[in-house]
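Residue numbers (our numbering): 2 to 370. Even for Gly, the Cβ is constructed at its ideal location relative to N, Cα and C.
Next comes the structure, spelled out in structure tokens:
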């Protein structure tokens with residue numbers, strides 16, 4: 002007996018609202034407006050009426066609100082994009098989900114594991130859903146590597162490197178809400194390296210333990226400005242992870258050494274196909290090169306790549322990527338890194354559950370450096 006065919010997608014585009022009109026919101030609205038068959042932006046909200054007016058005029062958005070509750074009550078969109086500072090995500094996502102509206106939230110999705118699990122619990126089995134914007138999973142380069150991992154074409158993953166080496170001067174952290182536990186949830190580990198670490202987990206799967214160091218080396222702020230970690234994975238792979246905002250020559254770098262090839266990604270804030278390279282192991286040149294050449298291509302890792310899939314999933318009444326389970330795995334690694342750095346010991350995922358101080362707050366109740 003064959004399963005029933007999936008329900009057809011709605012004939013009309015999804016009605017979408019954007020909350021928060023800062024710099025990141027433009028990436029969202031431009032991606033949405035490039036997909037007119039799938040979405041129409043019907044409203045925007047911001048507590049700053051002047052910024053809201055400029056944004057809605059620029060993008061031709063018909064409805065504007067200074068209150069999310071009013072937007073949800075009066076417009077009732079199908080999907081809300083939350084482009085607000087991290088400290089607002091928890092309350093705003095809950096407001097959307099409780100109103101029966103799905104939400105796509107910028108990274109980090111929440112300030113703690115407790116907040117994110119609370120948000121996940123507000124989802125419905127058939128929606129509304131919560132998705133996190135982790136766009137590096139959706140470029141064709143990452144999708145090609147993931148397909149080769151799943152097919153076994155590259156052999157077992159053995160050793161990996163995951164570096165986010167960026168530069169932010171002191172003036173960046175002098176903005177009142179930056180570099181604080183209560184508004185950002187952490188430093189570069191939480192707010193900058195999270196994209197690369199999420200990509201690493203998307204490629205390698207579940208992690209089993211982490212041993213880390215975090216320090217405040219040069220910037221004046223509450224949180225760390227650099228962290229380093231050793232991560233072990235359920236498949237036997239091991240990885241080094243570095244997150245820094247102290248690096249004048251900026252680079253985002255992911256490398257995985259498989260049995261049959263090395264795969265590398267070098268970029269900064271987003272990648273295309275040309276930013277990936279494959280180096281076959283001796284004896285696997287032809288097979289690895291052929292598998293690589295046959296893989297998916299042509300899609301950069303920008304917001305549009307993920308947003309297109311989020312819209313397609315919602316139109317098919319399916320959970321959109323990246324799910325709360327996926328986001329929790331990534332956020333749990335970050336919590337583990339902080340817990341390990343503060344306690345100077347190896348930490349496992351099972352420790353980071355309700356009852357752990359690092360479940361409720363990334364700093365575990367204090368600032369250890």
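- When the Cα atoms are used, residue 232 and residue 63 turn out to be separated by approximately 48 Å.
- If you draw a straight line from the Cα of residue 120 to the Cα of residue 92, it comes to about 9 Å.
- When DSSP assignments are scanned along the stretch 318 to 370, no uninterrupted stretch of beta strand (DSSP E) that is 3 or more residues long falls wholly within it.
- Of 224, 205, 174, 203, the smallest CA-CA separation from residue 190 is found for 224.
- Counting along the chain, residue 102 sits inside no alpha helix (DSSP H), nor does DSSP assign it H or E at all.
- Note on geometry: alpha-carbon atoms of residue 284 and residue 264 lie some 16 Å from one another.
- Taking C-alpha positions only, residue 57 is separated from residue 85 by approximately 16 Å.
- Contact annotation: residue 141 and residue 299 have beta-carbon atoms nearer than 7 Å.
- In the three-state reduction of the DSSP assignment, residue 87 falls in the helix class.
- Where residue 283 is concerned, there is no enclosing alpha helix (DSSP H), because DSSP gives it neither an H nor an E.
- Distances from the alpha-carbon of residue 129 to those of 90, 76, 158, 320 put 320 closest.
- Restricting attention to 71, 111, 70, 103, the CA atom closest to the CA of residue 90 is found in 111.
- In the displayed model, residue 208 falls within a strand according to three-state DSSP.
- It is roughly 13 Å from the alpha-carbon of residue 356 to the alpha-carbon of residue 113.
- Nearest C-alpha to residue 273 among 203, 116, 137: 137.
- In the DSSP secondary-structure assignment, residue 80 is bridged to 17, 103.
- If you draw a 10 Å sphere on the C-beta of residue 194, you find 16 or more other C-beta atoms in it, and that means buried.
- For residue 176, the number of other beta carbons within 10 angstroms of its own is below 16, and it is reported as exposed.
- In the structure shown, residue 31 falls within a helical segment according to DSSP collapsed to helix, strand and coil.
- Annotation for residue 68: 46 place their beta carbon closer than 8 Å to its own, counting only its chain and skipping 5 residues before and after.
- Note that the C-beta distance between residue 26 and residue 33 is not below 7 Å.
- Of the residues 145, 109, 105, 156, the one whose Cα lies closest to the Cα of residue 131 is 105.
- A residue is called buried when at least 16 other Cβ atoms come within 10 angstroms of its Cβ; residue 172 does not meet this threshold and is exposed.
- The stretch 132 to 217 contains, as complete alpha helix (DSSP H) runs of 4+ residues, the segments 141 to 152, 171 to 174, 182 to 185, 189 to 192, 195 to 205 (chain order).
- Straight across, the Cα-Cα distance linking residue 250 with residue 219 is about 16 Å.
- When DSSP states are grouped into helix, strand and coil, residue 45 belongs to the strand group.
- A residue is called buried once 16 or more other Cβ atoms fall within 10 Å of its Cβ, and residue 51, having fewer, is exposed.
- With respect to the 7 Å criterion, residue 178 and residue 364 are not classified as neighbours on the basis of their beta carbons.
- Between residue 339 and residue 215 the beta-carbon gap is near 7 Å, inside 8 Å, which marks them as a contact.
- Where residue 60 is concerned, the enclosing alpha helix (DSSP H) starts and stops at 50 to 60.
- For residue 74, the secondary structure class from DSSP, reduced to helix, strand or coil, is helix.
- Boundaries of the alpha helix (DSSP H) around residue 312: 304 to 316.
- Nearest to residue 143 by alpha-carbon distance, out of 335, 302, 343, is 302.
- DSSP places residue 230 outside any alpha helix (DSSP H); the residue lies instead in the beta strand (DSSP E), whose first and last residues are 227 to 234.
- For residue 227, the closest C-alpha among the options 270, 269, 162, 248 is that of 248.
- Within a 10 Å sphere around the beta-carbon of residue 73 sit 16 or more other beta-carbons, which makes this residue buried.
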